[in-house]
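There are 2 protein chains.
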Amino acid sequence: MAHHAVMSTQGPYLAEIAHLMGDPARANMLHALMDGRALTAKELAWIAGIAPQTASGHLAKLMQGGLIHVAAQGRHRYYRLAGPEVATALEGLMVLANLDGTSRRLPSRVGAELSQARTCYDHFAGRLGIGIHDALMAGGHLAASEGGYALTASGKAIFRALGLDPDATARIRRAALRPCLDWSERRPHLAGHLAAALACRCFEMDWVRRRKDSRAVILTDEGRGVLEAALPGFRCDAPEPVSPALREREPALA
Amino acid sequence: MAHHAVMSTQGPYLAEIAHLMGDPARANMLHALMDGRALTAKELAWIAGIAPQTASGHLAKLMQGGLIHVAAQGRHRYYRLAGPEVATALEGLMVLANLDGTSRRLPSRVGAELSQARTCYDHFAGRLGIGIHDALMAGGHLAASEGGYALTASGKAIFRALGLDPDATARIRRAALRPCLDWSERRPHLAGHLAAALACRCFEMDWVRRRKDSRAVILTDEGRGVLEAALPGFRCDAPEPVSPALREREPALA
DNA sequence: GGAACGCTACGGCGCCGGCCGTAGCATCGG
DNA sequence: CCGATGCTACGGCCGGCGCCGTAGCGTTCC
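Those sequence lines, one after another, are chains Z and F. The C-terminal residue of the first sequence carries number 253 in numbering that gives the first Met the number 0, and the numbering is unbroken. The C-terminal residue of the second sequence carries number 253 in numbering that gives the first Met the number 0, and the numbering is unbroken.
Structural data, given as structure tokens:
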């Protein structure tokens with residue numbers, strides 16, 4: 000009986016966290032919160048397809064598990080992920096969910112938009128995020144640094160040209176930039192607070208626009224121009240038009 | 000009803016994977032497999048503290064979920080993690096398990112050994128892994144590369160001095176080296192196939208020795224000498240002796 | 001060839017936990 | 001001040017699943 004206590008020092012805690020994520024309703028809520036925004040209990044209930052009472056219970060459990068935080072504001076309670084580590088852990092699971100049963104993931108209209116460009120907690124992912132990563136990498140604007148990347152002098156110049164101060168948050172211990180495996184493309188994009196600042200700037204200047212009810216985002220024509228000008232070698236393919244076969248399968252989204 | 004189908008394209012799959020990891024018995028098994036070795040069903044049953052029949056059922060589920068692979072050999076069936084992505088996902092959860100309830104993790108003798116030096120799937124973690132990471136980083140032996148780090152010329156020389164060929168696996172697309180957040184120290188150590196090759200070499204030369212029934216490993220005196228000679232700036236503190244308070248709490252392990 | 005061993009398949013028990021209905025508390029609007 | 005709204009607390013229902021006992025198949029050893 001005392002035997003396995005030795006091996007299982009971590010196991011139970013791991014199970015506790017995984018169990019919280021392992022319920023479909025809770026997983027849907029967490030997935031919806033992965034764009035870093037805060038949502039109300041009612042919105043989350045609707046997303047998960049359950050009654051508000053049930054959602055309330057789930058949210059209480061997620062709170063107790065430390066996966067989300069709440070901010071009461073008037074008669075609304077806004078829930079958001081507790082931190083980037085939670086998003087990272089969820090991404091790790093999504094990588095598995097995408098590769099396990101070989102081709103269980105049927106491509107869909109929504110899936111195509113998410114693969115093209117989306118937010119990953121507080122930074123860009125999908126082909127947009129990968130395009131930024133690859134352009135910076137190919138141009139030699141990234142250097143190895145404690146736990147990730149740092150910007151070289153030329154990289155800093157690019158960020159300044161985009162209206163950001165790459166040294167403003169230099170004292171933060173956490174890596175300014177680090178690779179983050181993209182679950183849809185299976186290639187790295189950039190995370191870290193500089194990536195978050197870039198995303199924030201892009202929304203502010205309307206270079207990238209959020210979609211309603213989805214983590215997918217859209218690179219505006221202006222944004223494409225700005226990024227191509229500031230970032231030599233930047234490419235971000237436009238999403239392919241919906242194929243006839245797909246339109247067949249999801250007529251509502253055609 | 001059709002509403003939430005939009006948001007939940009990923010949720011259910013995520014929940015499926017998380018649910019598999021969310022059972023204490025399965026979590027213990029996965030945790031035990033995180034050192035990359037293959038274990039038999041009976042060993043895993045013992046580790047999880049359940050009957051072999053029950054373990055068999057759990058293993059079947061983990062198989063179907065694509066989290067583990069099996070290799071039949073004689074009358075034994077050896078189970079191992081399906082790949083490094085699984086270990087990565089589990090690490091992501093362990094980071095959360097370690098930080099959520101502020102100080103829920105009581106330090107233990109076993110915990111101290113794991114924090115000192117352990118394997119993380121196929122490479123070193125704990126202070127040993129971090130020491131290697133930091134020494135390479137501080138010495139300027141790492142350069143930014145597609146999805147992680149690459150070795151500079153001086154870094155390659157160090158690997159050659161340790162008896163490894165850093166270019167042997169250069170054609171592999173996956174990053175040779177990449178940072179991996181350490182759940183116990185909350186700082187990055189090195190993952191990737193070069194890190195795995197280094198760990199393999201260390202075991203082969205008895206620079207590092209495995210412990211029985213634990214993912215913890217021990218840096219031998221010879222290994223310490225070799226690493227300090229080859230890697231200027233390498234430090235790896237010896238584990239602190241067990242404190243009286245701790246010996247009080249776990250007399251069996253004193 | 002027989003016995004021991006490793007593992008899996010099946011069946012039944014028991015409980016955990018997700019679900020919603022009702023009810024109660026705070027906040028906002030008129 | 002009263003109704004509407006957002007949210008949570010409690011209670012009862014019930015399905016899912018983790019657990020082991022028994023049984024059956026394949027492998028190994030003497």
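Just so it is clear, CB atoms sit at the ideal spot from N, CA and C, and this is done for glycine as well.
Inset, instruction - Would you grab the beta carbon distance between F:A96 and Z:Y120 for me? Rounded to a whole angstrom, and I think it's under 8 Å. - result: Within the second sequence, numbered from 1, the residue matching residue 96 of chain F stands at position 97. Within the first sequence, numbered from 1, the residue matching residue 120 of chain Z stands at position 121. In fact, because the Cβ distance is near 19 Å, the residues do not count as touching under 8 Å.
Legend entry - Chain-ordered neighbours of Z:E42 on chain F, where CB pairs are closer than 8 Å: Translated into the one-based positions of the first sequence, residue 42 of chain Z becomes position 43. None at all; the shortest Cβ gap to chain F is about 10 Å.
Legend entry - Length of the line joining the Cα atoms of F:D212 and F:P23: On the second sequence, residue 212 of chain F is found 213 positions in, with the first residue counted as 1. On the second sequence, residue 23 of chain F is found 24 positions in, with the first residue counted as 1. For F:D212 and F:P23, the distance between alpha carbons rounds to 18 Å.
Legend entry - Collapsed DSSP secondary structure at F:S102 in the structure displayed: One-based indexing of the second sequence puts residue 102 of chain F at position 103. Low per-residue confidence applies at F:S102: pLDDT is 46, beneath 50, and the placement is therefore not dependable enough to give any value.
Inset, instruction - Rank Z:G82, Z:A124 and Z:L193 by C-alpha distance to the C-alpha of Z:I157 and give the top, closest one. - result: Here residue 157 of chain Z refers to the residue found at position 158 when the first sequence is read from its first residue. That would be Z:L193, whose Cα lies nearest to the Cα of Z:I157.
Legend entry - Paired residues, beta bridge with F:A143 - DSSP: On the second sequence, residue 143 of chain F is found 144 positions in, with the first residue counted as 1. Looking at the DSSP assignment, F:A143 forms a beta bridge with F:Y148.
Inset, instruction - Use the C-beta contact count for Z:R126: other C-beta atoms within 10 angstroms, 16 or more gives buried, fewer gives exposed. - result: By one-based count along the first sequence, residue 126 of chain Z stands at place 127. Z:R126 is buried by the Cβ-count criterion.
Legend entry - Through-space distance from Z:F202 to F:E184, alpha-carbon basis: Sequence index remark: in the second sequence, residue 184 of chain F carries index 185 (1-based). Sequence index remark: in the first sequence, residue 202 of chain Z carries index 203 (1-based). In a straight line, the C-alpha of F:E184 is about 35 Å away from that of Z:F202.
Legend entry - Those residues which DSSP pairs with F:C179 across a bridge: In the second sequence, counting from the first residue as 1, residue 179 of chain F sits at position 180. In the DSSP output, where bridge partners are listed per residue, F:C179 has F:H188.
Legend entry - Terminal residues of the alpha helix (DSSP H) in which Z:A54 lies: Within the first sequence, residue 54 of chain Z is the residue found at index 55, counting from 1. That run of the alpha helix (DSSP H) goes P51 to Q63.
Inset, instruction - Taking all protein chains shown into account, decide if Z:L105 is buried (16 or more other Cβ within 10 angstroms of its Cβ) or exposed. - result: For the purposes of this step, residue 105 of chain Z is taken as residue 106 along the first sequence, with counting starting at 1. At Z:L105, the pLDDT of 49 sits below 50, so the modelled position is not reliable and the matter cannot be decided from this model.
Inset, instruction - Identify the continuous alpha helix (DSSP H) that holds Z:L254 and give its terminal residues. - result: For chain Z, the structure presents residues 0 to 253; residue 254 of chain Z sits outside this window and is missing.
Inset, instruction - Assign Z:L66 to one of three DSSP states: helix, strand, or coil. - result: Residue mapping note: residue 66 of chain Z aligns to position 67 of the first sequence, counting from 1. In the structure shown, Z:L66 sits in coil (DSSP, three-state: anything other than H, G, I, E or B).
Inset, instruction - Report yes if the CB atom of Z:E112 is closer than 7 Å to the CB atom of Z:A215, and no otherwise. - result: For the purposes of this step, residue 112 of chain Z is taken as residue 113 along the first sequence, with counting starting at 1. For the purposes of this step, residue 215 of chain Z is taken as residue 216 along the first sequence, with counting starting at 1. Contact: yes.
Legend entry - With 16 other Cβ atoms within 10 Å as the buried cut-off, status of F:P231: The sequence position of residue 231 of chain F within the second sequence is 232, counting from 1. Counting Cβ neighbours within 10 Å, F:P231 comes out exposed, since fewer than 16 surround it.
Inset, instruction - Give, in chain order, every residue of the stretch 186-209 of chain Z whose Cβ lies closer than 8 Å to some Cβ of chain F. - result: R186 and P187
Inset, instruction - Run the CB neighbour count on F:D236, radius 10 Å, all protein chains shown included, and call it buried at 16 or more, exposed below. - result: In the second sequence, counting from the first residue as 1, residue 236 of chain F sits at position 237. It counts as exposed.
Legend entry - Beta-carbon proximity list for F:L163, same chain, < 7 Å, skipping 5 on both sides: Translated into the one-based positions of the second sequence, residue 163 of chain F becomes position 164. Closer than 7 Å at Cβ, skipping near neighbours: A196, L197 and R200.
Legend entry - beta strand (DSSP E) segment containing F:L80, residue limits: Here residue 80 of chain F corresponds to residue number 81 of the second sequence, with the count starting at 1. H75 to L80 is the span of the beta strand (DSSP E), which, as asked, contains F:L80.
Inset, instruction - Go ahead and pull the three-state DSSP assignment for F:C119. - result: Working through the second sequence from its first residue, we reach residue 119 of chain F at position 120. DSSP places F:C119 in strand when its eight states are reduced to three.
Inset, instruction - Please list the residues of the stretch 12-25 of chain Z that have a C-beta atom closer than 9 Å to any C-beta atom in chain F, keeping them in chain order. - result: Y12, L13, A14, E15, I16, A17, H18, L19, M20, G21, D22, P23, A24 and R25
Inset, instruction - Examine chain Z for any beta-carbon lying closer than 7 Å to the beta-carbon of F:S102, and answer yes or no. - result: The sequence position of residue 102 of chain F within the second sequence is 103, counting from 1. Bear in mind that a pLDDT of 46 at F:S102, under 50, signals an unreliable position, so the number given afterwards is only what the model happens to contain. Judged by the 7 Å Cβ criterion, F:S102 is not in contact with chain Z.
Legend entry - Beta bridge counterpart(s) of Z:R159 as assigned by DSSP: In the first sequence, the residue the question calls residue 159 of chain Z occupies position 160. According to DSSP, which records beta bridges pairwise, Z:R159 is partnered with nothing at all.
Legend entry - chain Z contact residues for F:E84, given Cβ-Cβ distances below 9 Å: Working through the second sequence from its first residue, we reach residue 84 of chain F at position 85. Those within 9 Å of F:E84 in chain Z are G91, V94, L95, L98 and L180.
Inset, instruction - Starting from the C-beta of Z:H254, find all residues in its chain whose C-beta is less than 8 Å away, skip the five residues before and the five after it, and write them out in chain order. - result: The structure shown does not extend to residue 254 of chain Z, since chain Z is modelled only from 0 through 253, so no value can be given for it.
Legend entry - Exposed unless 16 or more other CB atoms sit within 10 angstroms - verdict on Z:A160: Translated into positions along the first sequence, residue 160 of chain Z becomes position 161. Under this definition Z:A160 is an exposed residue.
Legend entry - Three-way DSSP call (helix, strand, coil) for F:L38 in this model: As a working mapping, residue 38 of chain F is identified with position 39 in the second sequence. Strand, per DSSP.
Legend entry - F:V94 versus F:G222: straight-line alpha-carbon distance, rounded: Looking up residue 94 of chain F in the second sequence gives position 95. Looking up residue 222 of chain F in the second sequence gives position 223. Their backbone Cα atoms lie some 29 Å apart in a straight line.
Legend entry - F:R117 classed as buried or exposed, judged by whether at least 16 other C-beta atoms fall within 10 angstroms: Along the second sequence, one-based indexing puts residue 117 of chain F at 118. That one is buried.
Inset, instruction - Would you please verify whether the beta carbon of Z:Y78 is less than 7 Å from any beta carbon of chain F? - result: Position 79 of the first sequence, counted from the first residue, corresponds to residue 78 of chain Z. No, Z:Y78 lies away from the interface with chain F (no Cβ there is under 7 Å from its Cβ).
Legend entry - Z:A142 and Z:A149 closer than 7 Å at C-beta: For the purposes of this step, residue 142 of chain Z is taken as residue 143 along the first sequence, with counting starting at 1. For the purposes of this step, residue 149 of chain Z is taken as residue 150 along the first sequence, with counting starting at 1. A contact, by the Cβ cut-off of 7 Å.
Legend entry - the stretch 42-51 of chain Z / the stretch 30-46 of chain F touching (three or more Cβ pairs under 8 Å): no
Legend entry - F:G82 versus Z:A71: straight-line alpha-carbon distance, rounded: The residue given as residue 82 of chain F occupies position 83 in the second sequence. The residue given as residue 71 of chain Z occupies position 72 in the first sequence. The straight-line gap from Cα to Cα measures roughly 42 Å.
Legend entry - Contacts of Z:R177 in chain F (Cβ-Cβ under 8 Å): The residue labelled residue 177 of chain Z in the question sits at position 178 within the first sequence. Those are P178, listed as they occur along chain F.
Inset, instruction - Check F:A215 in the structure and name its three-state DSSP category. - result: Here residue 215 of chain F is taken as the residue at index 216 of the second sequence, counted from 1. F:A215: strand per DSSP, three-state reduction.
Inset, instruction - Examine chain Z for any beta-carbon lying closer than 7 Å to the beta-carbon of F:L141, and answer yes or no. - result: As a working mapping, residue 141 of chain F is identified with position 142 in the second sequence. Output row for F:L141: interface = yes.
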